[in-house]
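Undergrad: Take this structure first; my questions come after.
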Amino acid sequence: MKQPPVIVVQLFHIKGPIPINGKEQEFSEPSILIGRHPSCHVQFATDLAHLSRKHAEIIRDGNQFKLIDHSTNGTFVNGKKIKETYLKDGDVLMFAEGGPQISFLTQMKEGAMEIPPAKPLREPEREVRVEPPKVEPPKVEPLIRPQRPVEERPPYVPPKREEPPEILAQPVQMPLVIQYGPQIRNFKQLPVTLGKSPMCELVLDHPGIFDLHAQIFFSQNQYWIKDLTGKGLLLINRQAIRFQAPLKLHDHIALSPQGPFFQVFGEGRLGEVEEVRDEKPSDTSQKMEEATEKKGPKGIASKFKKIFGS
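All residue numbers for the sequence shown refer to this note's numbering, where the first residue is -9 and numbers rise by one.
Below is the structure:
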């Protein structure tokens, strides 16, 4: 038997300290408590004194979700301080001024009910087994095998990303939600062009971005991203793409070594996330540093970090 569809709340950590119970969480409960108390569904570290023990709560109200502030230092939605408000997909929640930020999304999911196995009417009769007499095996001298020299394993080299042939981006009616800083942009038609130029559908004011930097389009039943710079600056999961690549759930995207950085939170849903330091920069990062040295201050590209970590 199938369960009726359920609206699941998806919370994604995008800035600040990561909650103790994970940076990505899903909830189907009627109430989601957020704070420092151990009973909270989204629990932050106890040393974050600016957060209340029970800071805020998300309550399911039919097919809607209401955010209620219980804190001393306030709760913000898209930069605006609130006491109570209904949430929508892509909203960015901040707990206390300058505190942790979480992106709010919902998704319809279906499941299957587990039917417990029927209990037997009576216990089956136990089988009587007759043990054969024990016979001691003959003693066999162990074989002494010559030790083989330990071979040193070569350093791991990640496989090269195989890219499909270039696809022509055709106009199509498909939804796309992008959270960048405090703004949430909803698009209903693809492709969408990203860059510094005011001609772009999404203008990104960032030192690592070109006038026409990237394009997101839909083809072959999936979302794609295309590099418009011609310099191989785009990385997906720390691997450079030559001109285009499909986008999959939880993919980490670096538009340039200096950022901005995004994560795929769902089909057609991208949110900005913080970069994470890479202990050993890859050769690709070094090449990208040299390619973008003229575009920003010295030393910025050298701080390219390991993207996102799941």
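Using N, Cα and C, we set each Cβ at its ideal position, and we do this for glycine too.
Could you check which residue in F208, L166, W214, R232 has the C-alpha nearest to that of G80?
TA: L166
Undergrad: What would DSSP say about S18, mapped onto helix, strand or coil?
TA: coil
Undergrad: Here's the rule I'm using: 16 or more other beta-carbon atoms within 10 Å means buried, otherwise exposed. How should M98 be labelled?
TA: exposed
Undergrad: Give a yes or no on whether the C-beta atoms belonging to N68 and I(-3) are separated by under 8 Å.
TA: Cβ atoms of N68 and I(-3): not closer than 8 Å.
Undergrad: Which term fits L95, buried or exposed, when burial requires 16 or more other beta carbons within 10 angstroms of its beta carbon?
TA: buried
Undergrad: Rounded to the nearest angstrom, what separates G185 and P(-6) at their Cα positions?
TA: 42 Å
Undergrad: Sort K56, L180, P197, F252 by Cα distance to E74 and report the nearest one.
TA: K56
Undergrad: Would you kindly work out how many angstroms separate the C-alpha atoms of H3 and F177, rounded to a whole number?
TA: 23 Å
Undergrad: Classify P127 as helix, strand or coil using the three-state DSSP reduction.
TA: coil
Undergrad: Do the region 209 to 216 and the region 188 to 200 make contact, defined as three or more Cβ pairs closer than 8 Å?
TA: no
Undergrad: By a C-beta neighbour count over all protein chains shown, 10 Å radius and 16 as the cutoff for buried, is V(-1) buried or exposed?
TA: Answer is buried; the Cβ neighbour count reaches 16.
Undergrad: What does the Cβ neighbour count give for S29, buried or exposed, with the cut at 16 atoms within 10 Å?
TA: exposed
Undergrad: Cβ atoms of P247 and L194: under 8 Å apart, would you say?
TA: No; because the gap between Cβ atoms is not below 8 Å, this pair is not in contact.
Undergrad: Around the C-beta of G198, are 16 or more other C-beta atoms found within 10 angstroms, so that it is buried, or is it exposed?
TA: Buried.
Undergrad: Taking 7 Å as the cut-off, does the CB of P181 come closer than this to any heavy atom belonging to the ligand SAM?
TA: Ligands displayed in this structure: none; no statement on the ligand SAM is therefore possible.
Undergrad: Suppose you measure from the CA of K221 to the CA of V182; what does that come to, to the nearest Å?
TA: Rounded to whole angstroms, K221 to V182 spans 20 Å at the Cα level.
Undergrad: Taking the alpha carbon of S42 as the reference point, which residue from Y170, G25, L245 has its own alpha carbon closest?
TA: The residue with the shortest Cα to Cα distance from S42 is G25.
Undergrad: Might you give, ordered along the chain, the residues of its own chain that have their beta carbon closer than 6 Å to the beta carbon of P287, omitting 5 neighbours on each side?
TA: Because P287 sits at a pLDDT of 42, beneath the cut-off of 50, its placement in the model cannot be relied upon, and the following sentence gives the value as read from the coordinates. Correct list: empty, nothing qualifies.
Undergrad: Have a look at E126, R50, P122 and flag the residue whose alpha-carbon is nearest the alpha-carbon of E19.
TA: R50
Undergrad: Which stretch, first to last residue, makes up the beta strand (DSSP E) that contains L50?
TA: The question names Leu, but residue 50 is Arg in the sequence shown. It spans 46 to 51 - the beta strand (DSSP E) in which R50 sits, taken as one unbroken run.
Undergrad: Are Q33 and P9 close, meaning C-beta to C-beta below 8 Å?
TA: yes
Undergrad: Quick check on DSSP: helix, strand or coil for E121?
TA: coil
Undergrad: If contacts are defined as beta-carbon pairs under 8 Å, then L218 and Q205 qualify, I think. What distance do you get, rounded to the angstrom?
TA: 6 Å
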